[in-house]
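Below: the structure, in structure tokens.
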Amino acid sequence: MTRIAIATQGKHVSPHFGHCDGFTLADIEQGTVRNRSFLPSPPHQPGLLPVLLSEHNVNTVIAGGMGSGAIELFRERDISVMTGVKDSVENTLAAYAEGRLESSGEECSDHHFSDACHHD
Numbered sequence: 009m010t011r012i013a014i015a016t017q018g019k020h021v022s023p024h025f026g027h028c029d030g031f032t033l034a035d036i037e038q039g040t041v042r043n044r045s046f047l048p049s050p051p052h053q054p055g056l057l058p059v060l061l062s063e064h065n066v067n068t069v070i071a072g073g074m075g076s077g078a079i080e081l082f083r084e085r086d087i088s089v090m091t092g093v094k095d096s097v098e099n100t101l102a103a104y105a106e107g108r109l110e111s112s113g114e115e116c117s118d119h120h121f122s123d124a125c126h127h128d
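Here it is as structure tokens:
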């Protein structure tokens, strides 16, 4: 079984995991989505989300984009990261469960002083 966390904004994958409404958590077992829930995002604090999602036994994080520092923090906790996903949460869950979700490896690099991403 694999537990995934999808950075969620409304009904879609958030373009930036650090500024999402929360995370759709789901267990994937033998191509089936099980035990789906929603975890609201805590107030923004650098380095908190990898710890929080690790405490929820997440194996994979899915987002539109993520900074290289956050990616490294997830890797240190043996949590894989899939980025560049631009779809609804429903379609993303189905694609992951079926083994056809692909990561573009997109990293956010335009954080400057506002810590905001600018995605198309």
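Sequence positions in the sequence shown follow this note's numbering and run 9 to 128.
Where is the CB? At the ideal position from N, CA and C, for every residue including glycine.
Query, Result
"Is it right to say Pro23 is buried, meaning 16 or more other beta carbons lie within 10 angstroms of its own, or is it exposed?", "buried"
"Quick check on Pro58: buried or exposed, where buried means 16 or more other Cβ atoms within 10 Å of its Cβ?", "buried"
"For Asp86, which beta-bridge partners are listed by DSSP?", "Beta-bridge pairing links Asp86 to no other residue."
"Please name the residue, chosen from Phe82, Phe25, Gly77, Asp35, that lies closest to Glu106 on a Cα-to-Cα basis.", "Asp35"
"Excluding the five sequence neighbours on either side, which residues of its own chain have a C-beta within less than 8 Å of the C-beta of Glu84, listed in chain order?", "Pro58"
"Among Asp29, Asp95, Asp86, Asn43, whose alpha-carbon lies nearest the alpha-carbon of Val21?", "Asp95"
"Measure from the alpha carbon of Gly80 to the alpha carbon of each residue in Gly72, Ala102, Gly55, then state which is nearest.", "Just to set this straight, residue 80 is Glu in the shown sequence, not Gly. Per the Cα distances, Gly55."
"Can you name, in chain order, every residue of its own chain whose Cβ lies under 6 Å from the Cβ of Phe121, other than the five neighbours on each side?", "Residue confidence is low: Phe121 scores 30 on pLDDT, short of 50, so the model does not pin down where it sits. No coordinate-derived value is stated."
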